[in-house]
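For reference, the structure discussed in these notes is given below.
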Amino acid sequence: MNAVSHIHESELAVTRACASASPLIEVDGLHKRFGDVDVLRGIDISIERSEVVCLIGPSGSGKSTLLRCMAALETYDHGTILIEGETLGYVERNGARVRASSGEINRVRRNIGMVFQQFNLWPHMTVLGNVTEALRRVRRMPAAAANEIGGRMLEMVGMSHKADAYPLKLSGGQQQRVAIARALAMEPNIMLFDEPTSALDPELVGEVLQVMKQLARDGMTMVVVTHEMGFAAQMADRVVFLDHGRIAVSGAPGEVFRRSENPRLQQFLQNYRDRNAFWNATDTSAATDSVVTGSR
């Protein structure tokens with residue numbers, strides 16, 4: 171075992187030791203259909219406090235739908251989702267399961283932050299205004315207090331110098347960092363990321379991933395839908411491969427990327443390697459080792 175992998179495993183051990191007795195997120199038997207298409211087919215997954223879970227898989231495998239169900243942005247047909255022990259999306263009433271009210275849904279998901287592929291910033295508001303809007307509107311926080319929190323979040327993502335700028339003056343990477351700050355301003359316990367770098371030019375991806383890496387190091391519970399295999403290999407506690415709405419493979423990065431014999435996963439990874447010059451380095455085994463054994 172080299173020193174880098176030893177550091178990574180030590181950090182994971184600390185994470186597990188500090189995790190709460192019950193999972194932060196519990197998904198049991200989740201099914202979701204769009205018309206005649208079964209998008210999720212019996213998903214079971216539990217996510218512990220401070221755990222970083224990366225969801226990978228081909229387009230249409232159900233990754234983003236699963237994430238949106240966790241955020242109550244999509245309804246689901248069967249199964250349950252528990253957030254910190256509370257059922258999300260539905261309540262029992264007179265022995266039947268019915269859709270929860272919007273107020274109840276918002277109460278259960280109050281500690282969830284989400285970052286999307288698109289930045290969705292208000293173009294007529296400054297960077298600081300975008301970050302503090304929910305604090306002022308939803309939490310009815312005084313402007314001074316909201317601005318203090320917003321300023322801290324912008325500093326955390328390296329964007330405090332752009333507080334008075336407008337979104338159209340920012341690069342895509344900068345806009346995504348502002349979107350992350352906006353989600354963090356609500357002080358979530360859980361952060362959900364839906365392919366946060368897919369809309370970025372390649373040279374801007376690194377700055378967003380760096381912010382996410384720091385969140386992972388700080389112990390934020392994160393569920394990340396991503397095609398960034400290097401990030402998943404380096405930062406995830408667990409990598410989950412979805413295929414046709416089911417979890418096909420789940421495990422530590424080394425198990426998933428190097429030791430799994432699942433043919434669909436192998437095909438997916440080969441397609442990824444074919445598209446990315448990184449995997450085609452002269453010393454392929456050394457390059458793969460450096461990704462899989464990276465540390466936080």
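Be aware that the sequence shown starts at 171, since it is given in our numbering, and climbs by one per residue. We put the beta carbon where it would ideally sit given N, CA and C, even for glycine.
- In the three-state reduction of the DSSP assignment, H414 falls in the coil class, being assigned neither a helical nor a strand state.
- In this chain, the beta strand (DSSP E) harbouring T391 covers 391-395.
- Rounded to the nearest angstrom, the gap between the Cα atoms of H248 and R322 is 40 Å.
- Contact check for A353 against G283 passes: the beta carbons are separated by less than 8 Å.
- S420 is bridged by DSSP to V410.
- Here DSSP, grouped into helix, strand and coil, assigns L298 to helix.
- Note: V261 is bridge-paired with V268 in the DSSP secondary-structure output.
- For L194, the closest alpha carbon among the candidates E244, G232, V278, R211 is that of V278.
- For D444, the enclosing alpha helix (DSSP H) begins and ends at 433-445.
- For M329, there is no enclosing beta strand (DSSP E), since its DSSP letter is neither H nor E.
- By alpha-carbon distance to C224, the top candidate from V261, E365, S271, V348 is E365.
- In this structure, DSSP gives R203 an extended state, which the three-state scheme calls strand.
- By the neighbour-count criterion, in which a residue is buried when 16 or more other Cβ atoms sit within 10 angstroms of its Cβ, S271 is exposed.
- At a Cβ-Cβ threshold of 8 Å, I350 and V381 count as neighbours.
- Taking 8 Å as the cut-off, the Cβ atoms of D214 and G230 do not count as close.
- A386 and T257 have their alpha carbons spaced roughly 26 Å apart.
- In the three-state reduction of the DSSP assignment, M311 falls in the coil class, being assigned neither a helical nor a strand state.
- Residue state for G255 is assigned as coil, using DSSP reduced to three classes.
- Note that the region 228-242 touches the region 402-419; at least 3 beta-carbon pairs, one per stretch, sit closer than 8 Å.
- Look at S220 here: in three-state DSSP terms it is coil, with no helix or strand label.
- Apart from the 5 residues on each side of it in sequence, D388 has no Cβ closer than 8 Å to any other Cβ in its chain.
- Closest option to R428, judged by alpha-carbon separation, among R445, A402, A304: A402.
- In the DSSP assignment, the residues bridged to G283 are M361.
- Remark: C-beta atoms of G255 and S192 approach each other more closely than 8 Å.
- In the DSSP annotation of this structure, the continuous segment of the alpha helix (DSSP H) that includes E377 starts and ends at 372-387.
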